[in-house]
């Protein structure tokens, strides 16, 4: 493999990291789900087009910004209070309807993507010694 060449495995890993389904990516791009499946299949000759990479890269950047903002707020509060909190409560959405009803901002977001971000955020909080409690909706 050429250095710097992006792979189908990377494509799928990014899509799954951000919590985007194949169907959601296909809808975003106006293509059939089978196209996304072929882009991810190691045996299919089709490769992901640049616009598909662009969608995933944008979603990954947004996820990273959200995590950085949340961790920045936790670090700021820890500095104000002299220590990190013992625990933090994060929502874990059960469906799109639950997300739409309980989410504070109407951002058109996807519940799976929100859950994926919160899983990564939970890991980062654990790294700071903060226990994460999960709620079935808004905190």
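Numbering (our numbering), first residue to last: 114 to 252.
Just so you know, even glycine gets a beta-carbon here, dropped at the ideal spot from N, CA and C.
Strand pairing of residue i, partner residues [DSSP]
{"i": "residue 151", "result": "None; residue 151 has no bridge partner."}
{"i": "residue 201", "result": "245"}
With 16 other Cβ atoms within 10 Å as the buried cut-off, status of residue i
{"i": "residue 156", "result": "exposed"}
{"i": "residue 227", "result": "buried"}
{"i": "residue 149", "result": "buried"}
{"i": "residue 128", "result": "buried"}
{"i": "residue 172", "result": "buried"}
N- and C-terminal bounds of the beta strand (DSSP E) containing residue i
{"i": "residue 119", "result": "Neither: residue 119 is in no beta strand (DSSP E) and is coded neither H nor E."}
{"i": "residue 241", "result": "Note, residue 241: premise wrong, no beta strand (DSSP E); not H, not E."}
Sub-8 angstroms separation of residue i and residue j beta-carbons
{"i": "residue 168", "j": "residue 141", "result": "yes"}
{"i": "residue 137", "j": "residue 223", "result": "yes"}
{"i": "residue 131", "j": "residue 192", "result": "no"}
{"i": "residue 180", "j": "residue 243", "result": "no"}
{"i": "residue 146", "j": "residue 163", "result": "no"}
{"i": "residue 205", "j": "residue 251", "result": "no"}
{"i": "residue 200", "j": "residue 249", "result": "no"}
{"i": "residue 184", "j": "residue 229", "result": "no"}
Sequence-distant residues of its chain with Cβ nearer than 7 angstroms to residue i (five each side left out)
{"i": "residue 235", "result": "203, 245"}
{"i": "residue 189", "result": "none"}
{"i": "residue 139", "result": "145, 146, 148, 149"}
Range covered by the alpha helix (DSSP H) that runs through residue i
{"i": "residue 174", "result": "163 to 194"}
{"i": "residue 212", "result": "209 to 215"}
{"i": "residue 141", "result": "135 to 142"}
Neighbourhood of residue i by C-beta distance below 8 angstroms, restricted to the same chain and skipping five residues each side
{"i": "residue 166", "result": "119, 124"}
{"i": "residue 121", "result": "152, 153, 154, 155, 160, 161"}
{"i": "residue 239", "result": "245"}
{"i": "residue 187", "result": "197, 198, 201, 238, 241, 243"}
Spatial neighbours of residue i in its chain, beta-carbon cut-off 6 angstroms, leaving aside the 5 residues before and after
{"i": "residue 231", "result": "203"}
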